[in-house]
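First comes the structure, then the notes that go with it.
Protein chains in written order, with the working numbering: chain A, 220 to 621; chain Y, 2 to 701.
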């Protein structure tokens with residue numbers, strides 16, 4: 220047997236501690252401090268060696284002389300050397316050119332009620348052909364779709380559905396619109412844009428359900444082809460955006476202004492996460508900003524948080540908090556304010572901002588009663604902001620099977 | 002004071018330190034489970050860190066220190082005094098650092114948890130391991146005839162006593178801090194006597210003791226303030242045998258947290274409606290319903306059906322009491338509340354039900370896995386009336402079925418399909434399983450409407466969430482060749498582990514590599530005698546985990562009997578060590594004989610598990626634990642003698658035993674049971690002991 224000296228033992232002990240500390244050091248940075256900035260990072264050398272059929276040269280980037288590329292799509296502005304992959308996990312630099320790996324390969328495709336997005340002022344009762352490609356430029360601790368948003372396109376199960384096929388499938392399903400949703404559609408911008416162009420030509424509407432972390436130039440281009448959006452305003456604090464979502468506030472506010480200027484119908488969703496986003500003063504400031512910069516007509520949804528993903532040790536938002544915030548928003552002048560994720564709540568219905576009468580009753584995703592005449596209140600004739608069409612009635616319940 | 006008095010005081014330090022160590026370990030493991038996640042990883046990693054650091058401490062105790070320093074009673078007393086307060090400091094630092102290092106409300110992945118546990122637990126466990134060889138050195142200086150077996154035995158008696166005191170006394174009437182205070186007081190007294198016997202001046206002694214006492218008391222004083230885990234106003238806080246319950250009120254709405262996770266909250270109709278109305282909608286005229294787990298909101302939904310019988314099984318009476326007190330559960334006498342393990346209740350009752358609603362937490366521990374196995378589903382099927390339904394749900398997905406999720410759901414569907422002719426799986430963020438011998442109609446909203454049951458979620462949202470497209474997508478993702486989850490081969494557990502790692506985008510590979518390299522490094526440097534002790538430590542602790550798991554499968558979660566089993570696994574060590582100390586002539590034969598006995602005992606356990614029926618007597622597990630620990634206890638003095646009998650030999654032996662004990666739960670909980678099943682795990686332990694047998698034959 221080898222005799223152990225004191226020095227040898229201490230050396231061994233030190234090595235053991237280093238070995239134990241190595242994984243800790245590896246796992247620690249993301250959670251090193253409770254208020255850590257969780258913004259994503261570039262994945263060095265993670266681009267595939269060969270492009271696959273679901274790749275296209277990216278839009279909105281520029282090449283540098285040394286082979287690097289600068290992505291101009293979102294505020295991360297990733298500078299990628301050849302072989303690197305961006306924060307979103309979708310855009311890569313291959314041989315000095317930037318490519319998207321998310322083109323024609325959605326990982327989730329469903330037919331959803333438009334109310335589920337949530338969009339309450341956009342063709343109520345209609346269905347949206349909804350699709351997503353893996354990847355996201357945010358890192359929300361409470362992501363509902365983390366299995367696909369925090370994954371690379373090549374790591375998930377996908378189906379092949381190029382833009383023409385999407386449009387054909389959407390038409391066949393009877394959907395009124397195509398929703399780019401579930402993950403973050405900004406990261407599959409090229410696929411969304413090309414599909415939206417074809418959908419428009421085929422008489423379908425386009426909906427973007429997004430966190431809004433995009434630069435103004437690509438957004439302006441997109442605004443030409445989308446008809447509606449629900450954009451998350453996750454908080455009104457840059458610090459909270461950084462530690463809860465891995466993003467910054469300013470670019471998102473700019474997104475709202477761009478959408479507003481472009482005349483795109485959009486609704487805003489604020490998920491009220493207890494302990495992060497439930498400060499009444501912050502909500503008051505947020506509502507004031509909305510009214511002053513975007514006007515009173517864009518619907519605002521305060522939705523109830525339930526434990527999700529990594530944020531699973533918080534209680535759900537008290538309903539009273541949502542009701543208080545709704546009142547703050549109404550007092551600030553926002554005309555259509557909803558309470559979401561609370562089944563049966565009266566603030567799920569739409570009330571005319573002028574006469575106060577209920578003009579759309581919602582029961583779940585159904586709208587059994589609508590008192591609207593075109594885009595106007597049936598009681599007082601006031602125009603209601605939104606996109607309306609009489610053709611879409613309450614969806615018929617689908618029969619189940621045994 | 003005479004050397005005799007000093008020796009007695011030193012022995013008292015070892016004994017009381019043993020008592021405190023067990024209590025501190027149990028309290029800290031429970032605390033870490035409430036702060037992080039209650040799965041086997043946290044338990045195994047805590048025990049691993051604890052025992053490995055203890056083993057390291059034992060080795061450090063005698064290295065490089067001059068013999069004179071080892072023999073100073075003052076030194077030992079000072080360490081004992083530090084040990085008195087360290088558990089309280091550890092607990093406070095766990096609470097404080099958890100809030101500092103992790104974002105509020107978040108769970109954590111494997112490596113951050115591992116790092117956190119190592120950093121917070123190591124100081125105390127290093128010291129606990131360090132103390133025993135130091136005490137032996139002092140005792141040998143005072144009484145040359147003092148044996149390692151006696152000191153080792155005293156430590157074990159302390160451990161046994163600590164375990165018993167915690168399980169049968171402290172857990173009933175104390176909070177974590179007061180438990181630590183109670184367990185620290187005897188050690189403080191022993192350290193005080195030892196300090197006094199070493200002629201420490203009163204001006205030093207009094208402030209030192211007062212300071213230690215103050216820290217212990219301060220811990221209890223800040224107990225409630227530091228337990229905080231929710232937002233709003235704390236309404237109730239209670240430690241029960243089954244975990245920690247806290248209720249917080251925010252904006253007038255209450256939430257009950259179980260072990261730090263929100264379990265029941267005011268105004269959450271969606272979860273309660275889905276859990277109740279999906280199964281009851283498919284039964285034509287339900288009259289008797291059994292709810293296992295679940296919430297007060299579910300009981301309120303059941304009232305809509307005017308049932309004859311509602312049996313509600315919840316193991317923890319305090320959970321019901323707090324829910325009623327917080328307005329989360331109706332104080333309705335028409336519900337039969339049964340405070341018993343759900344599976345044990347079902348096995349014992351002769352009642353039949355129209356619906357059994359299983360609403361326990363996710364099957365991410367071996368304990369909860371028991372509710373998702375073929376045996377349990379069979380039990381449920383046997384307790385259903387014609388046309389009855391069993392329903393349960395697990396965490397689902399929003400829009401995409403990840404492979405690991407599909408695997409989990411496939412295993413559950415295949416397992417349920419062994420006992421029910423029709424199993425409907427409903428997609429959603431919670432995936433519901435409706436299991437019947439008759440077809441399962443899925444026109445749930447229409448059925449609820451026909452029955453006149455008003456709902457705000459189950460009816461109106463149904464087709465938006467559960468449309469034919471999503472049902473078809475789920476059906477396509479389910480693997481008809483998935484394995485069946487059984488009691489003794491818990492397929493689901495390994496999937497749950499994989500899902501946990503996937504959520505945090507990490508892999509245990511690096512940890513497995515690091516521990517394997519470390520184990521190889523240590524084993525290479527071990528002599529044959531230490532290897533025997535290492536394997537014995539691993540087999541005893543590994544078997545303890547296995548027996549606890551098997552016992553729960555067979556008899557349910559019965560707190561006192563589990564406490565008895567844990568005690569049995571410690572209780573044989575001291576008699577074994579004393580017996581062996583009296584038979585020095587047996588030498589290496591004792592190692593061989595004890596190894597052979599352990600192999601036979603493991604074979605016997607396998608036979609007992611394989612052949613016995615549901616009525617297998619629990620006393621066999623107690624007897625197995627006693628016999629196994631007795632065999633392990635026999636080996637310690639023999640191994641020390643094989644290595645020359647000196648202080649260094651004793652410290653090495655103690656370190657090897659602790660290192661083995663550290664490896665045991667890690668191997669058993671994380672690898673052997675999930676991947677090999679119970680019988681595979683027993684077979685691998687027998688192989689380990691066979692290798693030890695070969696090594697033991699080399700000992701003189």
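Where is the CB? At the ideal position from N, CA and C, for every residue including glycine.
Check: Taking the C-alpha atoms as reference points, what is the distance between residue 329 of chain A and residue 656 of chain Y?
Finding: Here residue 329 of chain A corresponds to residue number 110 of the first chain, with the count starting at 1. Here residue 656 of chain Y corresponds to residue number 655 of the second chain, with the count starting at 1. Distance between the alpha carbons of residue 329 of chain A and residue 656 of chain Y: 59 angstroms.
Check: What number of angstroms, rounded off, separates the C-alpha of residue 414 of chain A from the C-alpha of residue 556 of chain A?
Finding: Looking up residue 414 of chain A in the first chain gives position 195. Looking up residue 556 of chain A in the first chain gives position 337. So the two alpha carbons sit approximately 31 angstroms from each other.
Notebook entry, point to check: Among A/300, A/295, A/312, A/313, which has the Cα closest to the Cα of residue 306 of chain A?
Noted result: Mapped onto the first chain, residue 306 of chain A falls at position 87. Residue 306 of chain A has its Cα closest to that of A/295, out of A/300, A/295, A/312, A/313.
Check: Is there a Cβ from chain Y that is less than 8 angstroms from the Cβ of residue 327 of chain A?
Finding: Along the first chain, read from residue 1 onward, the residue named residue 327 of chain A stands at position 108. True, the Cβ-Cβ gap to chain Y drops below 8 angstroms.
Checklist line | Where residue 527 of chain A falls: helix, strand or coil (DSSP) | finding: Reading the first chain from its first residue, position 308 is the one you call residue 527 of chain A. Residue 527 of chain A falls in the strand class under three-state DSSP.
Item checked: Partner residues on chain A for residue 488 of chain Y, Cβ-Cβ distance less than 7 angstroms -> As a first step, residue 488 of chain Y is located in the second chain; it is residue number 487 there, counting from the start. In chain order: nothing, as chain A lies at least about 28 angstroms away.
Notebook entry, point to check: Between the stretch 369 to 381 of chain Y and the stretch 396 to 406 of chain Y, do three or more beta carbon pairs fall short of 8 angstroms?
Noted result: no
Check: Nearest to residue 141 of chain Y by CA position, among Y/661, Y/646, Y/592, Y/696, is which residue?
Finding: In the second chain, counting from the first residue as 1, residue 141 of chain Y sits at position 140. For residue 141 of chain Y, the closest alpha carbon among the candidates Y/661, Y/646, Y/592, Y/696 is that of Y/646.
Note to self: Three or more C-beta pairs under 8 angstroms: does that hold for the stretch 268 to 279 of chain Y against the stretch 31 to 49 of chain Y?
What the structure shows: By the Cβ rule, the stretch 268 to 279 of chain Y does not count as touching the stretch 31 to 49 of chain Y, because fewer than three pairs are nearer than 8 angstroms.
Next item on the list: Return the CA-CA distance between residue 420 of chain A and residue 390 of chain A, expressed in angstroms with no decimal places.
Entry: To locate residue 420 of chain A, count along the first chain from 1; it is residue 201. To locate residue 390 of chain A, count along the first chain from 1; it is residue 171. Their backbone Cα atoms lie some 12 angstroms apart in a straight line.
Item checked: Nearest-angstrom Cβ-Cβ length linking residue 642 of chain Y and residue 585 of chain Y, presumed shorter than 8 angstroms -> On the second chain, position 641 is the one that residue 642 of chain Y refers to. On the second chain, position 584 is the one that residue 585 of chain Y refers to. That pair is a contact at about 6 angstroms.
Next item on the list: Assuming residue 384 of chain Y and residue 352 of chain Y form a contact by the criterion Cβ under 8 angstroms, report the distance between their Cβ atoms to the nearest whole angstrom.
Entry: What you label residue 384 of chain Y is simply residue 383 of the second chain in a count that begins at 1. What you label residue 352 of chain Y is simply residue 351 of the second chain in a count that begins at 1. Contact flag correct, Cβ pair sits at about 7 angstroms.
Checklist line | chain A within 8 angstroms of residue 666 of chain Y, Cβ atoms only | finding: Reading the second chain from its first residue, position 665 is the one you call residue 666 of chain Y. It does not: the Cβ of residue 666 of chain Y has no partner Cβ on chain A nearer than 8 angstroms.
Checklist line | Interface residues of chain A facing residue 269 of chain Y [CB-CB closer than 7 angstroms] | finding: Stepping through the second chain from its first residue, residue 269 of chain Y is reached at position 268. The contacting residues are 535.
Next item on the list: Please list, in chain order, all residues of the same chain as residue 462 of chain A whose beta carbon is under 7 angstroms from its beta carbon, the five residues on each side excluded.
Entry: Locating residue 462 of chain A in the first chain gives position 243, counting from the first residue. For residue 462 of chain A, where only same-chain residues beyond five positions count, the Cβ hits under 7 angstroms are 254, 255, 256, 257.
Next item on the list: On a CA-only basis, which of Y/3, Y/286, Y/11, Y/552 is nearest residue 617 of chain Y? Give me that one, please.
Entry: Along the second chain, read from residue 1 onward, the residue named residue 617 of chain Y stands at position 616. Answer by Cα proximity: Y/552.
Check: By Cβ distance, which residues of its chain are closer than 6 angstroms to residue 259 of chain A, with the 5 residues on each side in sequence left out?
Finding: Along the first chain, read from residue 1 onward, the residue named residue 259 of chain A stands at position 40. Excluding five sequence positions before and after residue 259 of chain A, the CB atoms of its chain that fall closer than 6 angstroms to its own CB belong to 306, 358, 465, given in chain order.
Margin query: Give me the DSSP bridge partner(s) of residue 250 of chain Y.
Written below: Working through the second chain from its first residue, we reach residue 250 of chain Y at position 249. Its beta-bridge partners are Y/234, Y/255.
Notebook entry, point to check: Any Cβ of chain A within less than 8 angstroms of the Cβ of residue 254 of chain Y?
Noted result: What you label residue 254 of chain Y is simply residue 253 of the second chain in a count that begins at 1. It does: the Cβ of residue 254 of chain Y has a partner Cβ on chain A nearer than 8 angstroms.
Notebook entry, point to check: Thinking C-alpha only, which one of A/569, A/532, A/562, A/564 is nearest residue 516 of chain A?
Noted result: Reading the first chain from its first residue, position 297 is the one you call residue 516 of chain A. It is A/569.
Notebook entry, point to check: Within 10 angstroms of its Cβ, does residue 378 of chain A collect 16 or more other Cβ (buried), or is it exposed?
Noted result: Locating residue 378 of chain A in the first chain gives position 159, where the first residue counts as 1. By the 10 Å Cβ count, residue 378 of chain A comes out exposed.
Notebook entry, point to check: In its own chain, which residues sit with a C-beta less than 7 angstroms from the C-beta of residue 439 of chain A, not counting the 5 before and 5 after it?
Noted result: Position 220 of the first chain holds residue 439 of chain A. Correct list, in chain order: 477, 481.
Item checked: beta strand (DSSP E) segment containing residue 1 of chain Y, residue limits -> Shown here, chain Y extends from 2 to 701; a query on residue 1 of chain Y therefore has no answer.
Next item on the list: Whole angstroms is fine: what's the gap from residue 571 of chain Y's alpha carbon to residue 367 of chain Y's?
Entry: For the purposes of this step, residue 571 of chain Y is taken as residue 570 along the second chain, with counting starting at 1. For the purposes of this step, residue 367 of chain Y is taken as residue 366 along the second chain, with counting starting at 1. Whole-angstrom Cα-Cα distance: 22 angstroms.
Next item on the list: Could you tell me which of Y/271, Y/354, Y/260 sits nearest to residue 320 of chain Y, measuring between CA atoms?
Entry: By one-based count along the second chain, residue 320 of chain Y stands at place 319. When each option's Cα is compared against that of residue 320 of chain Y, the closest is Y/260.
Note to self: Please report whether the beta-carbon of residue 102 of chain Y lies at a distance below 8 angstroms from any beta-carbon of chain A.
What the structure shows: Position 101 of the second chain, counted from the start, is the residue given in the question as residue 102 of chain Y. In terms of beta-carbon proximity, residue 102 of chain Y lines the interface with chain A, with at least one pair separated by less than 8 angstroms.
Check: Given that residue 457 of chain Y touches chain A, what residues does it touch there, using C-beta distances under 7 angstroms?
Finding: What you label residue 457 of chain Y is simply residue 456 of the second chain in a count that begins at 1. Ordered by position in chain A, the residues that pass the 7 angstroms Cβ test against residue 457 of chain Y are 562, 563.
Next item on the list: Please report how far the alpha carbon of residue 405 of chain A lies from the alpha carbon of residue 298 of chain Y, in whole angstroms.
Entry: The residue given as residue 405 of chain A occupies position 186 in the first chain. The residue given as residue 298 of chain Y occupies position 297 in the second chain. The straight-line gap from Cα to Cα measures roughly 40 angstroms.
Next item on the list: Check residue 392 of chain Y in the structure and name its three-state DSSP category.
Entry: Counting from 1 along the second chain, the entry for residue 392 of chain Y is found at position 391. If DSSP states are grouped into helix, strand and coil, residue 392 of chain Y belongs with the strands.
Next item on the list: Rank Y/17, Y/182, Y/37 by C-alpha distance to the C-alpha of residue 86 of chain Y and give the top, closest one.
Entry: The sequence position of residue 86 of chain Y within the second chain is 85, counting from 1. Residue Y/182 is the option with its Cα nearest to residue 86 of chain Y.
Item checked: Segments assigned alpha helix (DSSP H), at least 4 residues, entirely inside the stretch 26 to 114 of chain Y -> 41 to 63, 68 to 71, 74 to 102
Checklist line | Endpoints, beta strand (DSSP E) assigned at residue 559 of chain A | finding: Mapped onto the first chain, residue 559 of chain A falls at position 340. Start and end: 556 to 559.
Notebook entry, point to check: Alpha carbon to alpha carbon, how far is residue 700 of chain Y from residue 519 of chain Y?
Noted result: The residue labelled residue 700 of chain Y in the question sits at position 699 within the second chain. The residue labelled residue 519 of chain Y in the question sits at position 518 within the second chain. Distance between the alpha carbons of residue 700 of chain Y and residue 519 of chain Y is about 25 angstroms.
Notebook entry, point to check: Is residue 296 of chain Y helix, strand or coil by DSSP?
Noted result: By 1-based counting over the second chain, the position of residue 296 of chain Y is 295. Coil at residue 296 of chain Y, not helix or strand.
Check: Under 7 angstroms from any heavy atom of the ligand HEM, does the C-beta of residue 694 of chain Y make it?
Finding: Annotation note on the ligand HEM: not contained in the displayed structure, which lists no ligands.
Next item on the list: Report the rounded CA-to-CA distance for residue 227 of chain Y versus residue 164 of chain Y, giving the unit in angstroms.
Entry: By 1-based counting over the second chain, the position of residue 227 of chain Y is 226. By 1-based counting over the second chain, the position of residue 164 of chain Y is 163. Roughly 25 angstroms between the two C-alpha positions.
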